[in-house]
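Position 244 (the sequence shown) corresponds to 244 in this note's numbering; numbering is contiguous.
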Amino acid sequence: RGIIARNLVTGEIQRHSAHAVVIASGGYGNVFFLSTNAMGSNVTASWKIHKKGAYFANPCYTQIHPTCIPVSGDHQSKLTLMSESLRNDGRIWVPKKMEDVEAIRAGKKKPTDLAEEDRDYYLERRYPAFGNLVPRDVASRAAKERCDAGYGVNATGEAVYLDFASAIQRYGKEQAHIKGLDENDAALVKKLGQEVVKNKYGNLFQMYEKIVDQNPYETPMMIYPAVHYTMGGVWVDYDLMSTIPGCFVTGEANFSDHGANRLGASALMQGLADGYFVLPYTIGDYLSKDIRTGAIPTDSPEFDEAEKKVKEQIDQLINNKGSKSVDHFHKRLGKIMWDKVGMARNAEGLKEAAAEIKELRAEFWKEVSVPGTAEEFNEELAKAIRVADFLELGELFAKDALHREESCGGHFREEYQTEEGEALRRPEFQYVAAWEYKGEPSDAVLHKEDLKYENIEVKERSYK
């Protein structure tokens with residue numbers, strides 16, 4: 001019982017025995033290559049225990065956040081989340097006319113040049129009761145739909161505007177009225193309004209300006225959805241123990257608290273609850289039944305076999321004679337995931353994604369090039385190990401999304417939507433999909449954990 005680890009600095013393979021193991025390694029959003037996660041965030045620890053017998057639950061449940069700084073080019077390595085709080089005051093829009101879109105992309109027009117009647121505040125138009133405050137997945141899909149239709153406003157065509165001009169005007173007039181100043185003095189109203197907005201969002205505006213080099217007080221922000229959080233993860237019971245006895249999984253690495261969607265602050269709640277209120281008690285309870293077990297030796301046949309497999313994988317990567325970088329494969333995987341397993345999914349695209357990822361995985365092991373040696377600090381080797389796991393996860397991800405023939409939370413199937421374009425939930429899929437590893441992601445076996453609601457009535461949501 002324990003783990004095999006590789007020292008990232010020296011490359012040394014180390015054995016660590018333990019009476020219990022805790023996986024607290026975060027989510028797997030970087031399977032999409034670009035996400036708001038830290039670049040080092042990966043699925044490897046969770047995936048390794050999955051291949052040792054831990055079920056992996058609901059991998060297709062992924063939150064794609066609508067309020068992120070857009071991709072700016074092909075050489076970007078990660079994305080930046082702004083904040084949902086910005087949608088309290090910002091109004092989201094794209095130009096109504098294609099000629100205005102083209103002029104803005106060509107630098108011939110600025111967004112501030114467009115009159116109100118030439119702007120499409122599409123969330124306010126579609127959801128008048130909620131406007132720009134619709135849930136994250138609704139806002140994300142709506143932005144994608146507008147950009148897919150050709151109305152995206154930056155060079156990549158994948159951005160919409162988040163405009164604070166109305167809020168600045170509204171707050172400015174309020175402050176002028178409160179202070180007994182001239183509400184018709186446009187410059188004064190603007191100055192007072194900007195001060196209010198700065199007090200509320202100043203740190204976010206400063207971050208945006210540093211990244212994009214545009215002043216959001218004067219010109220609308222550009223935003224676009226990005227992968228932010230994964231609700232799926234390793235299956236655990238109420239003690240946070242996986243299907244491997246003594247192997248506990250906590251935080252975003254497990255599937256437990258969120259269902260098909262993540263609501264505001266729920267991730268913080270889970271981290272606090274798991275770490276402060278659950279694990280300190282459940283691990284102790286588990287260990288109390290193992291109290292007479294002494295030190296666990298690391299020279300057992302099980303450790304020998306585990307270390308042998310780790311070294312074989314590392315040797316295969318180091319000795320491979322390929323010509324393509326690890327990032328080459330990670331980017332291609334990310335494009336498949338984003339295009340076919342992203343915000344809106346359909347059966348045809350998911351089948352194509354599973355097949356393409358399987359082919360890409362085979363190509364990876366033939367063509368990847370990992371420079372350096374295994375006995376040194378070698379970030380390319382560490383990345384290669386992670387991407388190998390992402391390639392397997394991506395295939396299971398697509399399989400899970402294909403099997404779930406409904407729309408629910410962060411999982412939206414185009415074939416399953418209401419006439420109004422809302423998610424169409426199907427009661428027969430009211431279960432946790434826990435997948436058991438059987439040698440290949442395509443061969444994973446589904447185990448269903450029924451969801452029973454005794455104190456609430458399950459309904460389809462509506463924001464009309």
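Positions of the beta carbon are idealized from the N, C-alpha and C atoms, including for glycine.
Every value quoted in this text rests on a predicted model; they were computed, and no experiment measured them.
DSSP state of residue i mapped onto helix, strand, coil
{"i": "residue 369", "result": "coil"}
{"i": "residue 15", "result": "strand"}
{"i": "residue 214", "result": "coil"}
{"i": "residue 274", "result": "helix"}
{"i": "residue 241", "result": "strand"}
{"i": "residue 183", "result": "coil"}
{"i": "residue 59", "result": "coil"}
{"i": "residue 197", "result": "helix"}
{"i": "residue 202", "result": "helix"}
{"i": "residue 292", "result": "coil"}
{"i": "residue 463", "result": "coil"}
{"i": "residue 161", "result": "strand"}
{"i": "residue 246", "result": "coil"}
{"i": "residue 189", "result": "helix"}
{"i": "residue 34", "result": "coil"}
{"i": "residue 66", "result": "strand"}
{"i": "residue 349", "result": "helix"}
{"i": "residue 9", "result": "coil"}
{"i": "residue 86", "result": "helix"}
{"i": "residue 445", "result": "strand"}
{"i": "residue 138", "result": "helix"}
Terminal residues of the alpha helix (DSSP H) in which residue i lies
{"i": "residue 332", "result": "326 to 340"}
{"i": "residue 150", "result": "Looking at the DSSP string, residue 150 is not in any alpha helix (DSSP H), and its letter there is neither H nor E."}
{"i": "residue 456", "result": "It is not in any alpha helix (DSSP H) - residue 456 carries neither H nor E in the DSSP assignment."}
{"i": "residue 310", "result": "301 to 319"}
{"i": "residue 172", "result": "165 to 179"}
{"i": "residue 45", "result": "44 to 50"}
{"i": "residue 105", "result": "98 to 105"}
{"i": "residue 114", "result": "No alpha helix (DSSP H) holds residue 114; DSSP gives it neither H nor E."}
{"i": "residue 123", "result": "122 to 126"}
CA-to-CA distance, residue j to residue i, given in whole angstroms
{"i": "residue 345", "j": "residue 422", "result": "14 Å"}
{"i": "residue 3", "j": "residue 103", "result": "57 Å"}
{"i": "residue 109", "j": "residue 195", "result": "27 Å"}
{"i": "residue 96", "j": "residue 242", "result": "51 Å"}
{"i": "residue 330", "j": "residue 181", "result": "58 Å"}
{"i": "residue 7", "j": "residue 382", "result": "10 Å"}
{"i": "residue 183", "j": "residue 274", "result": "52 Å"}
{"i": "residue 138", "j": "residue 368", "result": "38 Å"}
{"i": "residue 257", "j": "residue 117", "result": "44 Å"}
{"i": "residue 152", "j": "residue 213", "result": "19 Å"}
{"i": "residue 415", "j": "residue 389", "result": "30 Å"}
{"i": "residue 391", "j": "residue 310", "result": "17 Å"}
{"i": "residue 88", "j": "residue 128", "result": "15 Å"}
{"i": "residue 232", "j": "residue 324", "result": "31 Å"}
{"i": "residue 405", "j": "residue 161", "result": "33 Å"}
{"i": "residue 384", "j": "residue 59", "result": "21 Å"}
{"i": "residue 308", "j": "residue 288", "result": "32 Å"}
{"i": "residue 33", "j": "residue 79", "result": "10 Å"}
{"i": "residue 306", "j": "residue 424", "result": "45 Å"}
{"i": "residue 192", "j": "residue 125", "result": "29 Å"}
{"i": "residue 438", "j": "residue 445", "result": "7 Å"}
{"i": "residue 365", "j": "residue 217", "result": "49 Å"}
{"i": "residue 280", "j": "residue 248", "result": "11 Å"}
{"i": "residue 220", "j": "residue 403", "result": "41 Å"}
{"i": "residue 57", "j": "residue 47", "result": "12 Å"}
Chain D within 7 Å of residue i, Cβ atoms only
{"i": "residue 22", "result": "Looking at the structure shown, chain D is missing, and only one protein chain is on hand."}
Buried or exposed by the 16-neighbour rule on C-beta atoms within 10 Å, applied to residue i
{"i": "residue 39", "result": "exposed"}
{"i": "residue 456", "result": "exposed"}
{"i": "residue 61", "result": "buried"}
{"i": "residue 239", "result": "exposed"}
{"i": "residue 98", "result": "exposed"}
{"i": "residue 294", "result": "exposed"}
{"i": "residue 451", "result": "exposed"}
{"i": "residue 419", "result": "exposed"}
{"i": "residue 63", "result": "buried"}
{"i": "residue 119", "result": "buried"}
{"i": "residue 313", "result": "exposed"}
{"i": "residue 16", "result": "exposed"}
{"i": "residue 148", "result": "exposed"}
{"i": "residue 272", "result": "exposed"}
{"i": "residue 461", "result": "exposed"}
Terminal residues of the beta strand (DSSP E) in which residue i lies
{"i": "residue 228", "result": "221 to 230"}
{"i": "residue 251", "result": "First-last for residue 251: undefined, no H or E at that position."}
{"i": "residue 469", "result": "Outside the displayed range of the chain (1 to 464) lies residue 469, so it cannot be described from this structure."}
{"i": "residue 91", "result": "91 to 95"}
{"i": "residue 23", "result": "21 to 23"}
Enumerate, from N- to C-terminal direction, the unbroken beta strand (DSSP E) stretches of 3 or more residues contained entirely within the segment 361 to 436.
-> 431 to 436
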